[in-house]
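Chemist:
Number of protein chains: 4
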Amino acid sequence: MAEILRHATEVFCEKGYEGASMRDLSRATGMSLAGLYYYFESKEKLLYLIQKHTFRTVVDTLRQRLAGVRDPEQRIRIFIHNHLEYFLANSEAMSVLSHEDDVLRGAAGAEIAAIKREYYRICVGLVADWKRGGSVKSGAANGGRRHANDAEIRIAVLSLFGMMNWIYTWHRPRTDGDAGALARQMGDIFLYGLSASNGRGTTKRRKRWANRTAAH
Amino acid sequence: MAEILRHATEVFCEKGYEGASMRDLSRATGMSLAGLYYYFESKEKLLYLIQKHTFRTVVDTLRQRLAGVRDPEQRIRIFIHNHLEYFLANSEAMSVLSHEDDVLRGAAGAEIAAIKREYYRICVGLVADWKRGGSVKSGAANGGRRHANDAEIRIAVLSLFGMMNWIYTWHRPRTDGDAGALARQMGDIFLYGLSASNGRGTTKRRKRWANRTAAH
Amino acid sequence: MAEILRHATEVFCEKGYEGASMRDLSRATGMSLAGLYYYFESKEKLLYLIQKHTFRTVVDTLRQRLAGVRDPEQRIRIFIHNHLEYFLANSEAMSVLSHEDDVLRGAAGAEIAAIKREYYRICVGLVADWKRGGSVKSGAANGGRRHANDAEIRIAVLSLFGMMNWIYTWHRPRTDGDAGALARQMGDIFLYGLSASNGRGTTKRRKRWANRTAAH
Amino acid sequence: MAEILRHATEVFCEKGYEGASMRDLSRATGMSLAGLYYYFESKEKLLYLIQKHTFRTVVDTLRQRLAGVRDPEQRIRIFIHNHLEYFLANSEAMSVLSHEDDVLRGAAGAEIAAIKREYYRICVGLVADWKRGGSVKSGAANGGRRHANDAEIRIAVLSLFGMMNWIYTWHRPRTDGDAGALARQMGDIFLYGLSASNGRGTTKRRKRWANRTAAH
DNA sequence: GATGAATGAGGTTTCATTCAT
DNA sequence: TATGAATGAAACCTCATTCAT
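Chains as they are written, first to last, in my numbering: chain A, 209 to 424; chain B, 209 to 424; chain C, 209 to 424; chain D, 209 to 424.
#1: Cα separation between ARG420/D and GLY341/D?
#2: Within its chain, find whatever has a CB closer than 6 Å to the CB of MET371/C; leave out the 5 residues flanking it on each side and keep chain order.
#3: How long is the line joining the alpha carbons of ASP309/C and SER367/D, rounded to whole angstroms?
#4: Does the beta carbon of MET371/D sit closer than 9 Å to a beta carbon anywhere in chain C?
#5: Let's test the definition: count the other Cβ atoms within 10 Å of the Cβ of MET209/C and tell me whether it reaches 16, buried, or not, exposed.
#6: Comparing alpha-carbon positions, which option in THR383/A, ALA318/A, ARG278/A lies nearest GLY333/A?
#7: Scan the stretch 314-337 of chain D for residues whose Cβ lies nearer than 8 Å to a Cβ of chain C and list them as they occur along the chain.
#8: For GLY401/C, report the span of its alpha helix (DSSP H) as first-last.
#9: For TYR225/C, count neighbouring C-beta atoms within 10 Å of its own C-beta (all shown protein chains included) and say buried if the count is 16 or more, exposed if not.
#10: Within 10 angstroms of its Cβ, does TYR246/D collect 16 or more other Cβ (buried), or is it exposed?
#11: Does the count of Cβ pairs from the stretch 249-259 of chain D and the stretch 304-318 of chain D closer than 8 Å reach three?
#12: Tell me, please, whether the stretch 225-239 of chain B touches the stretch 230-241 of chain A by the rule of three or more beta-carbon pairs shorter than 8 Å.
#13: Provide the residue span of the alpha helix (DSSP H) that contains VAL267/B, from first to last.
#14: Within 8 Å, do at least three Cβ pairs link the stretch 214-229 of chain C to the stretch 284-297 of chain C?
#15: I'd like to check one pair, VAL267/C with ILE330/C: are the Cβ atoms closer than 9 Å?
#16: Which residue's Cα is closest to the Cα of ILE320/A: GLY276/A, THR265/A, ASN373/A?
#17: If I measure Cβ to Cβ from LEU270/C and keep anything under 6 Å in the same chain, skipping five residues before and after, which residues do I get?
#18: Short of 6 Å in beta carbon distance, which residues of its chain neighbour LEU390/A, apart from the five on each side in sequence? Order them along the chain.
#19: When you compare only the Cα positions, how much space is there between ILE363/C and PHE295/C?
#20: With a threshold of 6 Å on Cβ separation, who are the neighbours of VAL219/D within its own chain once the five nearest residues in sequence on each side are excluded?
#21: What residues in its chain sit with their C-beta under 8 Å from that of ALA297/D, if we drop five residues either side in the sequence?
#22: If you draw a straight line from the alpha carbon of ARG380/A to that of ILE212/D, how long is it in whole angstroms?
#23: Determine whether the Cβ of GLY227/D lies closer than 9 Å to any Cβ atom of chain C.
#24: Which class does PHE248/C belong to by DSSP, given the choice of helix, strand or coil?
#25: Helix, strand or coil, according to DSSP, for SER306/D in the structure here?
#26: From LEU254/B to CYS221/B, what does the alpha carbon distance come to, in whole angstroms?
#27: Under 6 Å Cβ to Cβ from HIS215/A, same chain only, skipping five residues before and after it: list those, please.
#28: Using 10 angstroms around the beta-carbon of GLN272/C, count the other beta-carbons present and answer buried if the total reaches 16, otherwise exposed.
#29: Could you confirm whether any beta carbon from chain C is found closer than 9 Å to the beta carbon of ASP384/D?
#30: At a CB distance below 8 Å, what residues from the stretch 386-404 of chain B approach chain A? Give them in sequence order.
#31: If you reduce the DSSP assignment to three classes, tell me which class SER229/D lands in.
#32: Rounding to the nearest angstrom, what Cα-Cα distance links SER299/C and TRP378/D in this structure?
#33: Buried or exposed: SER403/B, going by 16 or more other Cβ atoms within 10 Å of its Cβ?
#34: Measure from the C-beta of LYS415/D to each C-beta in chain C and report whether the shortest distance is under 9 Å.
#35: Could you name the residues of chain D that SER367/C contacts, counting a contact when the two beta carbons are closer than 8 Å?
#36: Using C-beta distances below 7 Å, list every residue in its chain close to ARG354/B, excluding the 5 sequence neighbours before and after it, in chain order.
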């Protein structure tokens, strides 16, 4: 039952997986303790379902939004925007998702890990594309340079994940803006660094992107 | 006892604060359950001590390393390096530190929050300096530019924290390199973005930094 | 469950509230430790329920027995008899009731205190009536006597409570007789003092009472 | 150490024997936990010492005060006064004494029980004397009546103890008067009953007593 | 004399879970 | 489909007590 999952997500978010008791969930959902067990065979399974549903939604939405967009930068920006949008709209779910990483054991854990890997791979692909694209754009200046190192990309992607996932730690809707604004800033930092928001010669690029995303 | 704190940190890291039981800690430290309570009046107090000690160490070491260094970029790189170095060397402690953010209530919680704020403020200062300094370097081209927006800096700093703190999630010593390597990459990303590791015109800056840090 | 309450009462009586552990109660009732907590949210709540039930029963039974009886002396004797009867039949409950006076905090404590006050007030009323009535009976000889002092009545009533409540300390069913016999003796002492059982001029009164209570 | 015993008495009184922990005692006395064990081999022994000291004092003082007084009524009044005086002056000690009746096991328990029995016997003697004396005074009216029954005396004495010991439950120094006043009232009730304070023909006796105690 | 350090046993309470209905 | 009743295990913590110093 989606209703139950939603409430459970909230509770897991507030108290953490270990900290949330089945009684808490029972109270939050209005369903009896035993009733919960009719639907979900264990607390762990509940977490599994939440994580699976959340992550699948993120990945699937992402794929839809990426479809048809070719520009490497825009694709990365879409990735970030998609992530943050979902994150902020379902911050509870994402918090659970991020935190309770290693709770699930066995098959369930493997399945979740698989979805996460899929998501990660998509991002790696986007970054690799951008890097390849970048070398084209920047033309001969990039001359005989080696291809973007896998290890470098890995670090970059995981850094990006860190930026985005850490948000649940500090985001205040009032002052920090919505997913759009945050995505732009984080995208700038990820792609061009602090200088991006600084006028250190990235103005043109940002303009270009702004134009693009306006159409988005 | 430092010995006990070290073991406790490990256990908290492995299982999380809620997930770790005092019995676990007892087993890990080799001290009796009651013995633990002789030294630490409660599980919460234990967490408090760990967090306090860890964070204070980080902040104090940072201040020492910053002392005498004037160059804004270098100062930011020192910040990152310091953070990651401690993070990787004491990944357990940092994990506990990062995660169990809202467990502590009352005075203890406030004290920890204060140290964290202090740390955060230092970083904000570094970034603001860099941004000011940047306008000088980039010369007249930056002419009538507005001052770096506080909100922008906030987002940037918190993004940096995210990058760095998320590490405990993915870092594999074998393949991901040490604090020095990671700090360089994350510094690049933070300051110049993906392009940094890409040869997109940041080469010179990186060289300069590399020279400096060689001396460091 | 009444069954559980009864067993719990016994245990509280034997070991006192502090001395009785939930494990003891679990053993005595045959119910699992966790089972107890299913019914009673805490040890304190258990004590509250026992005290409430016991005291209410005493007060309610007393009111029924007083209904319809007009003679002031008889009413006092009924009070004593009712108290002792319940006390001896449920000596455990009464012991708990009497002793664990200040354990309960907050609302629960207030509620119990209220019932006790109600009980006390009834007794005060009976004694005041008897004293008023007494002056009538003893006729003109008592002429300009002052009204019975509130303070005096208070001391008298509390002394009576002492006599009766202390019983759990020494009563041996074999040698000390049943509630009826004890009530008669304590009533005599309370109303006429040692002299009563002594033939010091109280014989007539006692005879009268004996006749009345025979019908009772 | 008397100092320690005094503090311990206070704590036992406030929290009861079971409820008071050795740590509480340590805190109250300012002596280390282990230090307490240097002086008293166990918590139980501590209780034993308190009870022994308290009871011995009561009994010995009583004997001194009874010495030389011959009038049976006065002797009883002295008993009551002595008891209440000590009780009110050392209400904590007496509370502990009264409550923790059955905690002590073995030799210690037997010793305390012996002192208590001694005390009880004294009172029984006083009452028996009074009754014998009384039958003489009341003259022929008492005709061929049997001697005061042992069982009757037992109940009477224990009732008196109840009256007196229950005091810790309700006594408020401000409104309830001091040991002298209370002893007079309780003496009246015990000897002559409610009527005593009522003017129901006991006035003369009370006057007599008043004269006697004035000399006391 | 007196204590800091340490402990095994046991305290109250809550946990995830089951099962008859 | 859903639940009230019940449980074994384990949670955090405190107990009276000991012992080397």
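Even glycine gets a Cβ: it sits at the ideal position worked out from N, Cα and C.
Modeler: To lay it out plainly:
#1: Residue confidence for ARG420/D is low, a pLDDT of 32 falling below 50, so the modelled location carries little weight and cannot support an answer.
#2: Take MET371/C, set aside five residues on each side of it, and the residues of its chain with a beta-carbon closer than 6 Å to its own are MET394, in chain order.
#3: Those two C-alpha atoms are separated by around 21 Å.
#4: Closer than 9 Å: yes.
#5: So MET209/C ends up on the exposed side.
#6: When each option's Cα is compared against that of GLY333/A, the closest is ARG278/A.
#7: Listed in sequence order: VAL335.
#8: Taken as a continuous stretch (DSSP letters only), GLY401/C belongs to no alpha helix (DSSP H), as it is neither H nor E.
#9: Here TYR225/C is buried, its C-beta having at least 16 other C-beta atoms within 10 Å.
#10: Exposed, because fewer than 16 other Cβ atoms sit within 10 Å of the Cβ of TYR246/D.
#11: Yes, they touch.
#12: Of all C-beta pairs linking the stretch 225-239 of chain B to the stretch 230-241 of chain A, fewer than three are shorter than 8 Å, placing the two stretches out of contact.
#13: First-last of the alpha helix (DSSP H) with VAL267/B: 251-274.
#14: Because the criterion of three Cβ pairs below 8 Å is not met, the stretch 284-297 of chain C and the stretch 214-229 of chain C do not touch.
#15: Yes, the Cβ-Cβ distance between ILE330/C and VAL267/C is below 9 Å.
#16: ILE320/A has its Cα closest to that of THR265/A, out of GLY276/A, THR265/A, ASN373/A.
#17: ASN290.
#18: Within the same chain, LEU390/A has close Cβ partners LEU292.
#19: Each residue's alpha carbon lies about 21 Å from the other.
#20: Cβ within range, chain order: ALA228, ASP232, LEU233, ALA236.
#21: If we look at ALA297/D and ignore the five residues flanking it on each side, its Cβ neighbours are ALA387.
#22: Per the coordinates, the alpha-carbon of ARG380/A lies some 58 Å from the alpha-carbon of ILE212/D.
#23: Yes - at least one Cβ of chain C is within 9 Å of the one on GLY227/D.
#24: Secondary structure of PHE248/C (DSSP, three-state): coil.
#25: Correct three-state label for SER306/D: helix.
#26: Using only the alpha carbons, I get a separation of about 13 Å.
#27: Counting only residues of its own chain and dropping the five nearest sequence neighbours on each side, HIS215/A has a CB closer than 6 Å to the CB of ALA236, THR237.
#28: By the 10 Å Cβ count, GLN272/C comes out exposed.
#29: Closer than 9 Å: yes.
#30: Listed by position along the chain: LEU390, GLN393, MET394, ASP396, ILE397, PHE398, LEU399, TYR400, GLY401, LEU402, SER403, ALA404.
#31: Secondary structure of SER229/D (DSSP, three-state): coil.
#32: Cα to Cα, SER299/C sits roughly 21 Å from TRP378/D.
#33: SER403/B comes out buried.
#34: Confidence in LYS415/D is poor, its pLDDT being 38 and thus under 50, which makes the residue's placement unreliable; the coordinate value appears in the next sentence. Interface criterion not met: the Cβ of LYS415/D is under 9 Å from no Cβ in chain C.
#35: Here the neighbours are MET371, TRP374, GLN393, MET394, ILE397.
#36: Confidence at ARG354/B is low in this model, with a pLDDT of 44, below 50, so the placement of that residue should be treated as unreliable; the coordinate-derived value is given next. Taken in chain order, the list of residues that qualify is empty.
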